[in-house]
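One structure is given below, encoded as structure tokens.
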Amino acid sequence: MSKTFIRNALIVNEKRQYKASVLISGEKIEKIFTNNPESELTGVDVIDAKGKYLLPGFIDEHVHFREPGLTHKADMSTESAAAVAGGVTSVLEMPNTNPKTTTTELLNAKLEMASTRMLCNYGFFLGASGDNLKEICGTDTSKTCGVKLFLATSTGNMQVENKDAIIELFKESPLPIIAHCEDETIIAENLNRYNKQYDNNIPFTIHHLIRDEESCYRSCSFAVEQALKYNTLLHIAHISTDKEVQLIKKIRADRISAEVCIPHLYFTSEDYALHGSHIKCNPSIKSAENRESLITALADGTLLTVASDHAPHTLQEKENQYTTCPSGIPMVQHSFYVLSALLMQKRITLERIVECMCHAPAVLFGIENRGFIREGYYADLVLADINFPYTVTKENTLYKCGWTPLDGSTFPSTITHTWVNGHLVYENGKINIDNKGKQLRFNH
121 MSKTFIRNAL IVNEKRQYKA SVLISGEKIE KIFTNNPESE LTGVDVIDAK
171 GKYLLPGFID EHVHFREPGL THKADMSTES AAAVAGGVTS VLEMPNTNPK
221 TTTTELLNAK LEMASTRMLC NYGFFLGASG DNLKEICGTD TSKTCGVKLF
271 LATSTGNMQV ENKDAIIELF KESPLPIIAH CEDETIIAEN LNRYNKQYDN
321 NIPFTIHHLI RDEESCYRSC SFAVEQALKY NTLLHIAHIS TDKEVQLIKK
371 IRADRISAEV CIPHLYFTSE DYALHGSHIK CNPSIKSAEN RESLITALAD
421 GTLLTVASDH APHTLQEKEN QYTTCPSGIP MVQHSFYVLS ALLMQKRITL
471 ERIVECMCHA PAVLFGIENR GFIREGYYAD LVLADINFPY TVTKENTLYK
521 CGWTPLDGST FPSTITHTWV NGHLVYENGK INIDNKGKQL RFNH
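Right, dumping it as structure tokens:
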């Protein structure tokens, strides 16, 4: 059994920072030492982490890896390589692939595919389709992280339009519901108005006015209302407005939580003028005032988790006109880098980053033995030099689509090592493909 000794690290875990060393034995964390036991250890690989921070591996609860069916954009192998390069050791992947993951049979097929392709650990959402409640209620809840409910159209056209079916899902689901909250009626009205105004050639600078704040708030309010009525475990995906933040603050319900995604923490609607289609995503990126509210709400714990909403498309697809340009931004490799900028600006603490990227997703989805640096837990670990700058380039970006709107940006911190199940899968720019990730198990 292989053993690795990470010595002299600054561990960030469970709201604490402390100097310690970690012994990895096989796939697990065997021992955490607050002294230095090197004289007692033989036959181990030693990594000196002096001056670096050792964090639990990040759990990205919101990714689109596009496999099966859309592998010209991305696939499990390429995107999981990008994930581990960004310190992400586990991902929860969305159901809007081709075919859509709406049955146990299709879920099992995805799990089988991932077992030979994913470098990180993995779990998959079932998608609500409006007529698959029996399938959802009959699934093995330990094998899926939750149910994704689209309340508006987005990539993959998985919107559930039947209100009665939506209410039944809130009443009966044995799994957490993760809801994409936008109001389709408002979006359609706005789109029609701006199509007329711009003669069917809408500029991307209008995206946030079409998929607007009221669309998000109205849909979010509906989802919250149903969850409160039926005591549903509800997690609102990619909150993008201050109005939604205030709603979450007001209700303070134990079984209702919210996620914020990296694009909404980094960009503002003013950035459409520069980046155009490259930052078109759903929900849209909103104003600077909304961004400020999101950052504050993440820092103070109002927003429970942060995710990438990694959603790659080819550059050719993104060069289409507004109405045919797909929404989505590749981001899984760069989430920590964006947050490290907020860290250096003193907008968020490292302890809070660990809480919202590691601890909270593990607890929310009942992910067994991950998300914390604890003896007996899987050795999913990230080593970061928070004072060594990192510049995003085409060469060091690993997405299959080959681009990122962050190209050329410099961030204050660097991820140097990533371990998945005790295996060193990323070291100073190099990916090790010898070991694959594991299927996550969920205790709902």
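Taking our numbering, the leading residue of the sequence shown gets 121, the next gets one more, and so forth. Backbone N, C-alpha and C define an ideal beta-carbon position, used for all residues, glycine too.
**Prompt:** Short check: CB of Gly243 to CB of Cys257, under 8 angstroms?
**Reply:** As a first step, residue 243 is located in the sequence shown; it is residue number 123 there, counting from the start. As a first step, residue 257 is located in the sequence shown; it is residue number 137 there, counting from the start. Result no, Cβ atoms of Gly243 and Cys257 do not sit closer than 8 angstroms.
**Prompt:** Helix or strand or just coil, what does DSSP make of Lys135?
**Reply:** As a first step, residue 135 is located in the sequence shown; it is residue number 15 there, counting from the start. Lys135 falls in the coil class under three-state DSSP.
**Request:** Output the distance between the C-alpha atoms of Glu213 and Ala248, rounded to the nearest integer angstrom.
**Result:** For this step, residue 213 is matched to residue 93 along the sequence shown. For this step, residue 248 is matched to residue 128 along the sequence shown. Distance between the alpha carbons of Glu213 and Ala248 is about 14 angstroms.
**Prompt:** If you scan the stretch 488-534 from start to end, which runs of the beta strand (DSSP E) of 3 or more residues do you find wholly inside it?
**Reply:** 501-505
**Request:** Please report the residue range of the alpha helix (DSSP H) in which Cys381 lies.
**Result:** Here residue 381 is taken as the residue at index 261 of the sequence shown, counted from 1. Cys381 -> not in any alpha helix (DSSP H); beta strand (DSSP E) instead, spanning 376-381.
**Message:** So, for Arg417: in the same chain, excluding its five sequence neighbours on each side, which residues have a beta-carbon less than 6 angstroms away from its beta-carbon?
**Reply:** Counting from one through the sequence shown, the residue named residue 417 turns up at place 297. At residue 417 the sequence reads Ala, which differs from the Arg that was named. So the qualifying residues of the chain are Val365, Leu423.
**Sequence ranges, alpha helix (DSSP H) only - wholly within the stretch 230-301, length at least 4** = 253-257, 283-292
**Asked** Closest by CA to Ile506, which one among Lys268, Gly421, Thr530?
**Response** As a working note, residue 506 is residue 386 in the sequence shown. It is Thr530.
**Asked** If you follow the alpha helix (DSSP H) that Ser210 is part of, which residue opens it and which one closes it?
**Response** On the sequence shown, position 90 is the one that residue 210 refers to. Taken as a continuous stretch (DSSP letters only), Ser210 belongs to no alpha helix (DSSP H), being part of the beta strand (DSSP E) at 208-213.
**Alpha carbon of Thr305 to alpha carbon of Asn320, nearest angstrom** = In the sequence shown, the residue the question calls residue 305 occupies position 185. In the sequence shown, the residue the question calls residue 320 occupies position 200. Spanning the two alpha carbons is a distance of roughly 19 angstroms.
**Message:** Please classify Tyr138 as buried or exposed, where buried requires at least 16 other C-beta atoms within 10 Å of its C-beta.
**Reply:** Looking up residue 138 in the sequence shown gives position 18. It is exposed - the Cβ of Tyr138 has fewer than 16 other Cβ atoms within 10 Å.
**Request:** Determine, using beta carbons only, whether His358 and His395 come nearer to each other than 8 angstroms.
**Result:** Translated into the one-based positions of the sequence shown, residue 358 becomes position 238. Translated into the one-based positions of the sequence shown, residue 395 becomes position 275. In this structure, His395 does not lie closer than 8 angstroms to His358 by Cβ.
**Request:** Please state if the CB of Leu246 and the CB of Pro215 are separated by a distance shorter than 8 angstroms.
**Result:** The residue given as residue 215 occupies position 95 in the sequence shown. The residue given as residue 246 occupies position 126 in the sequence shown. Cβ atoms of Pro215 and Leu246: closer than 8 angstroms.
**Message:** Any beta carbon from chain D within less than 8 angstroms of Gln453's own beta carbon?
**Reply:** Looking for chain D here will not work: only one protein chain is present.
**Message:** To the nearest angstrom, how far is the alpha carbon of Leu567 from that of Leu175?
**Reply:** Residue 567 lies beyond the residue range present for the chain, which begins at 121 and ends at 564; the question has no answer from this structure.
**Prompt:** Using DSSP with H/G/I as helix, E/B as strand and the rest coil, what is Val426?
**Reply:** Position 306 of the sequence shown holds residue 426. The answer is strand: DSSP assigns Val426 an E or B state.
**Message:** Spatial neighbours of Glu150 within its chain, please: C-beta separation below 6 angstroms, excluding the five flanking residues on both sides.
**Reply:** If you number the sequence shown from 1, residue 150 lands on position 30. Hits under 6 angstroms: Leu143.
**Where Ala378 falls, given that 16 or more other Cβ within 10 Å makes a residue buried** = Indexing the sequence shown from 1 puts residue 378 at position 258. Counting Cβ neighbours within 10 Å, Ala378 comes out buried, since at least 16 surround it.
**Asked** Is DSSP giving Lys369 helix, strand or coil here?
**Response** Reading the sequence shown from its first residue, position 249 is the one you call residue 369. Three-state DSSP puts Lys369 in a helix.
**Request:** Look up Asn128 in the DSSP assignment and say whether it is helix, strand or coil.
**Result:** Against the sequence shown, residue 128 aligns to sequence position 8. The answer is strand: DSSP assigns Asn128 an E or B state.
**Message:** Suppose contacts are defined by Cβ-Cβ distances below 8 angstroms. Is Asp195 in contact with Lys520 by that definition?
**Reply:** The sequence position of residue 195 within the sequence shown is 75, counting from 1. The sequence position of residue 520 within the sequence shown is 400, counting from 1. Contact flag set, yes.
**DSSP-derived helix/strand/coil call for Ile553** = Against the sequence shown, residue 553 aligns to sequence position 433. Looking at Ile553 - three-state DSSP - the assignment turns out to be coil, as it is neither helix nor strand.
**Item:** N-terminal and C-terminal residue of the alpha helix (DSSP H) that Glu437 is part of
**Value:** Position 317 of the sequence shown holds residue 437. Taken as a continuous stretch (DSSP letters only), the alpha helix (DSSP H) holding Glu437 covers 435-438.
**Strand pairing of His192, partner residues [DSSP]** = Mapped onto the sequence shown, residue 192 falls at position 72. Its beta-bridge partners do not exist; DSSP assigns none.
**Message:** Using 8 angstroms for Cβ pairs, my map puts Cys340 next to Leu367. What's the rounded Cβ distance?
**Reply:** If you number the sequence shown from 1, residue 340 lands on position 220. If you number the sequence shown from 1, residue 367 lands on position 247. 6 angstroms between Cβ atoms; contact.
**Request:** Report the three-state DSSP secondary structure of Thr325 (helix, strand or coil).
**Result:** For the purposes of this step, residue 325 is taken as the residue at position 205 of the sequence shown. Three-state result, Thr325: helix.
**Request:** Under the assumption that Cys478 contacts Ile179 (Cβ atoms under 8 angstroms), give the Cβ distance between them as a whole number of angstroms.
**Result:** Along the sequence shown, one-based indexing puts residue 478 at 358. Along the sequence shown, one-based indexing puts residue 179 at 59. The Cβ separation is near 6 angstroms, so the contact holds.
**Same chain, Cβ closer than 7 angstroms to His433, five either side skipped, listed in chain order** = As a working mapping, residue 433 is identified with position 313 in the sequence shown. The residues are Lys193, Pro446, Gly448, Cys521.
**Item:** Pairwise C-alpha distance: Trp539 and Thr469
**Value:** The count along the sequence shown starts at 1 and reaches residue 469 at position 349. The count along the sequence shown starts at 1 and reaches residue 539 at position 419. Looking at the two C-alpha atoms, the distance is approximately 23 angstroms.
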